[in-house]
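Worksheet: one structure, shown below.
Numbering (the numbering used here), first residue to last: -15 to 334.
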């Protein structure tokens, strides 16, 4: 059901308070012509109601010649901020940026975060923002799981569909998303509720099987047949199946970049208010479909860039692939069994 403008502003007040916005803070709202005007207005109004110093930075839209479609994750790395030093300095001057445009996976975002500026991405429809309004308990659930992930030196994933994947961990940090940006230099995304890391270079091995009903992003499609991914030394070396496997092969080949086959972040969903079925109720241009990335107990597997944690793989093609019904083990200790979170205790949905 539709969310009113009043409700949307109240929700932004709630999230900005969680993000430690007060009269001592400055808040920049980053927007472009495709930003949701209601979201922009609510963010500006909420920040003013909290007494913050507020300003907007509007940039022209950016479309790379090789990009396909309007999904904000379909082409990574370059944005409207690329090369615009004046605008970047204006954003770095803020304590918090509400990003309604999408800087994710860009070098400029990483440079801004290094200054201590916080960034909160908000590009989902208001009704999705409302259903997954973040809470302190979301943070507790995700940070409890992070303690296990930070200590782990290996991950293994199995499924009834035939997945048998493993990788070493520890080379790259763990990353958490719980829906608000409350620490200096923190990036987060409202809505969310999951965590992930990256495999040590050249250690990801095995087979991942996308079963019927799993999700391919940025296509925003549910798979209707099984797709088998063969993985060796951190790269996808084979994609097998029927039409959908052929489609995936052709899409990745289009970028003419061997780095697109590299394994990017891997982790699992911890947001019980996110729904596997929600994607079917939205137009493909409605945001990023964070329901698919965050739903409780998924194994989220991705391909492409790793520059946001200090890696060298800068490539425009990024796939997120949430898998259901998986078993996920950290150092042989189960954290997800059959698509249900089993550990740690503080991560379980109440």
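The C-beta atom is built at its ideal place from N, Cα and C for all residues, glycine as well.
Cβ pair residue i, residue j closer than 8 Å
i, j, result
"residue 64", "residue 16", "yes"
"residue 263", "residue 204", "yes"
"residue 289", "residue 277", "no"
"residue 215", "residue 192", "yes"
"residue 306", "residue 199", "yes"
"residue 284", "residue 180", "yes"
"residue 84", "residue 24", "yes"
"residue 254", "residue 177", "yes"
"residue -14", "residue 111", "yes"
"residue 158", "residue 311", "no"
"residue -5", "residue 104", "no"
"residue 318", "residue 256", "no"
"residue 223", "residue 207", "no"
"residue 183", "residue 250", "yes"
"residue 11", "residue 38", "yes"
"residue 359", "residue 27", "This structure gives no information on residue 359, because the portion of the chain shown stretches from -15 to 334."
"residue 36", "residue 6", "yes"
"residue 228", "residue 209", "yes"
"residue 152", "residue 315", "no"
Sequence-distant residues of its chain with Cβ nearer than 7 Å to residue i (five each side left out)
i, result
"residue 259", "275, 279"
"residue 98", "169"
"residue 58", "51, 52, 202"
"residue 186", "217, 218"
"residue 56", "86, 107, 272"
"residue 54", "269"
"residue 94", "292"
"residue 234", "none"
"residue 402", "The first residue shown for the chain is -15 and the last is 334, placing residue 402 beyond what the model contains."
CB contact check: residue i to chain D, cutoff 8 Å
i, result
"residue 280", "Among the chains of the structure shown, chain D does not appear; only one protein chain is present."
DSSP bridge partner residues for residue i (one or two, in chain order)
i, result
"residue 43", "DSSP lists no partner for residue 43."
"residue 150", "140, 189"
"residue 371", "Outside the displayed span of the chain (-15 to 334) sits residue 371, for which this structure offers no information."
"residue 317", "314"
"residue 1", "DSSP lists no partner for residue 1."
"residue 325", "320"
"residue 21", "The partner list for residue 21 (beta bridge, DSSP) is empty, contrary to what the question assumes."
"residue 303", "287"
"residue 298", "None, per the DSSP bridge assignment."
Close beta carbons around residue i, own chain, < 6 Å, minus the five adjacent residues each side
i, result
"residue 291", "298"
"residue 14", "41, 81, 83, 85"
"residue 76", "96, 99, 101"
"residue 149", "141, 190, 192"
"residue 73", "none"
"residue 92", "65, 72"
Proximal residues to residue i (C-beta, below 8 Å), its chain only, five neighbours per side dropped
i, result
"residue 90", "60, 61, 62, 63, 65, 66"
"residue 241", "299, 300, 301"
"residue 309", "143, 144, 145, 195, 322, 323"
"residue 45", "16, 17, 18, 64"
"residue 1", "34"
"residue 132", "314, 317, 319, 327, 328"
"residue 130", "158, 160, 179"
"residue 247", "151, 182, 183, 188, 215, 218, 219, 220, 285, 286, 287"
"residue 167", "102"
"residue 48", "59, 62, 300"
For residue j and residue i, believed in contact at Cβ under 8 Å, the rounded distance
i, j, result
"residue 43", "residue 71", "6 Å"
"residue 30", "residue -7", "5 Å"
"residue 287", "residue 325", "Residue 287 to residue 325, Cβ: 24 Å. No contact."
"residue 22", "residue -3", "Wrong, their Cβ atoms sit about 15 Å apart, outside the cutoff."
"residue 190", "residue 211", "Not confirmed; about 15 Å, so no contact."
"residue 272", "residue 107", "6 Å"
"residue 102", "residue 165", "4 Å"
"residue 156", "residue 281", "Incorrect: roughly 23 Å between the Cβ atoms, too far for contact."
"residue 118", "residue 171", "Not quite, the Cβ-Cβ distance comes to about 14 Å (not below 8 Å), so this is no contact."
heavy atom of the ligand MG below 7 Å from residue i C-beta
i, result
"residue 97", "In the structure shown, the ligand MG is absent, as is every other ligand, since no ligand is present at all."
Practice item. May I have a chain-ordered list of the alpha helix (DSSP H) segments no shorter than 4 residues that lie completely inside the region 157 to 239? Key: If you keep only unbroken alpha helix (DSSP H) runs of at least 4 residues inside the region 157 to 239, you get 227 to 238.
Check your understanding: What are the uninterrupted segments assigned as alpha helix (DSSP H) that are 4 or more residues long and contained completely in the region 241 to 291, given in chain order?
Key -> Assignment of alpha helix (DSSP H) within the region 241 to 291, counting only whole runs of 4 or more residues, yields 274 to 278 in chain order.
Practice item. Jot down the residue ranges of each uninterrupted alpha helix (DSSP H) in the region 53 to 138, minimum 4 residues, whole runs only, in chain order. Key: 69 to 76, 91 to 98, 110 to 115, 120 to 135
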